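Visitor: Read in numbering that gives the first Met the number 0, the sequence shown has 208 at position 209, and its numbers run on one by one without any break. Glycine is no exception: its CB is placed at the ideal position from the N, C-alpha and C atoms. What you are looking at is a predicted structure, and each value in this text was computed from that prediction instead of being measured. Quick one: the structure is below, questions incoming.
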Amino acid sequence: MTRIKICGITGIAQAQAVIAAGADLMGVVLAPSRRRVSSAAAREIVRAVAGRLPVAGVFVNTPAEAVNNTASRCGLDYVQLSGDESWEYCRLIKKPVIRAVRISADWTAERLLACLEEGEKTLGQQGIIYLLDTRSGDAYGGTGEAFDRRIAAAAAARFPVLIAGGLDPENVGGVVSGLKPWGVDVSSGVETGGVKSAAKIESFVRAVRSIPE
């Protein structure tokens with residue numbers, strides 16, 4: 000089954016909408032972003048979820064000790080690294096890691112595979128989920144821009160990858176049926192006017208679940 004992650008949750012009502020829609024994972028942003036929440040707000044969201052859904056905290060270029068402290072204090076289930084962190088850095092994180100790999104227009108399937116193979120070689124049995132997103136200027140995600148999905152086919156067949164970037168309720172079904180990834184990740188694609196829409200979240204989840212396994 001393809002997992003569904005709804006990222007950029009900023010409040011308890013949004014978290015409840017994600018649970019009601021039947022998603023598998025939600026993300027809160029603890030890095031500079033218009034969707035950023037404080038560690039106190041993240042902790043409240045985690046408490047409101049009350050173990051019903053894992054929560055990932057998104058960090059960008061933050062010292063590992065600070066990431067570990069915040070993740071523990073907030074009760075996060077995953078740490079998502081969306082900056083320029085090295086594979087060696089990932090070994091310092093105590094929670095399970097979701098590592099963002101930002102794909103530029105000039106990337107090939109071979110380059111992507113080599114990147115993930117390097118991560119696997121460095122991290123060994125640590126276990127990691129790779130989030131494939133679009134490189135867009137200096138942004139570290141949440142841009143709503145898509146990369147060429149064709150280059151991710153081989154990677155999705157070999158590694159646990161979350162496909163992100165430019166997904167919405169209308170196009171996610173094609174991505175899931177074409178790539179059969181470990182999961183998909185969406186933020187701006189389920190927003191209206193920059194705010195999470197319960198109706199769009201529900202439509203996104205329904206679109207993914209409608210694809211035969």
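(1) Taking just the CA atoms, how far does Val189 sit from Thr1?
(2) Hey, out of Arg110, Gly193, Val48 and Val54, whose CA is closest to Gln79's CA?
(3) Within its chain, find whatever has a CB closer than 6 Å to the CB of Ala20; leave out the 5 residues flanking it on each side and keep chain order.
(4) My output table needs one value for Glu43: the three-state DSSP class, helix, strand or coil.
(5) How many angstroms separate the CA atom of Asp23 from the CA atom of Gln13?
(6) To which residues does DSSP link Arg101 through a beta bridge?
(7) Counting only runs of 4+ residues fully inside the stretch 50 to 77, write out the alpha helix (DSSP H) ranges in chain order.
(8) Could you name the residues that DSSP lists as bridge partners for Gly182?
(9) Checking the sheet assignment: what are the DSSP bridge partners for Thr191?
(10) Return the first residue and the last residue of the alpha helix (DSSP H) that Leu122 is part of.
(11) Per DSSP, what kind of secondary structure is Gly26 in: helix, strand or coil?
(12) Measuring alpha carbon to alpha carbon, tell me which of Trp86, Asp147 and Ala41 ends up nearest Thr107.
(13) Below 8 Å between beta carbons: does that hold for Thr61 and Glu87?
(14) Exposed or buried, what is Ala154 when buried is set at 16 or more other beta-carbons lying within 10 Å of its beta-carbon?
(15) Identify the continuous alpha helix (DSSP H) that holds Glu87 and give its terminal residues.
Guide: Straight from the coordinates:
(1) Residue 1 sits at position 2 when you count from the first residue of the sequence shown. Residue 189 sits at position 190 when you count from the first residue of the sequence shown. Distance from the CA of Thr1 to the CA of Val189, rounded to the nearest whole angstrom, comes to 18 Å.
(2) For the purposes of this step, residue 79 is taken as the residue at position 80 of the sequence shown. Residue nearest to Gln79 within the set Arg110, Gly193, Val48 and Val54 is Val54 (criterion: CA-CA distance).
(3) The residue you call residue 20 lines up with position 21 of the sequence shown. Same-chain partners within the cutoff: Ile200, Glu201 and Val204.
(4) Indexing the sequence shown from 1 puts residue 43 at position 44. In the structure shown, Glu43 sits in a helix (DSSP, three-state: H, G or I).
(5) Residue 23 sits at position 24 when you count from the first residue of the sequence shown. Residue 13 sits at position 14 when you count from the first residue of the sequence shown. Approximately 14 Å, taken between the alpha carbons.
(6) Along the sequence shown, one-based indexing puts residue 101 at 102. DSSP, once it has assigned bridges, lists Asp132 as partnering Arg101.
(7) Those alpha helix (DSSP H) runs which fall completely within the stretch 50 to 77 and span 4+ residues are 63 to 73.
(8) The residue labelled residue 182 in the question sits at position 183 within the sequence shown. Paired residue(s): Arg2 and Leu161.
(9) Taking the sequence shown and counting its residues from 1, the one referred to as residue 191 is at position 192. Secondary-structure assignment with DSSP links Thr191 through a beta bridge to Val194.
(10) Here residue 122 corresponds to residue number 123 of the sequence shown, with the count starting at 1. Ala108 to Leu122 is the extent of the alpha helix (DSSP H) around Leu122.
(11) Stepping through the sequence shown from its first residue, residue 26 is reached at position 27. Residue state, collapsed to three classes: strand.
(12) As a working mapping, residue 107 is identified with position 108 in the sequence shown. Thr107 has its Cα closest to that of Asp147, out of Trp86, Asp147 and Ala41.
(13) On the sequence shown, position 62 is the one that residue 61 refers to. On the sequence shown, position 88 is the one that residue 87 refers to. Cβ atoms of Thr61 and Glu87: not closer than 8 Å.
(14) As a working mapping, residue 154 is identified with position 155 in the sequence shown. Flag for Ala154 reads buried.
(15) Within the sequence shown, residue 87 is the residue found at index 88, counting from 1. Going by DSSP, Glu87 is part of the alpha helix (DSSP H) stretching over Trp86 to Cys89.
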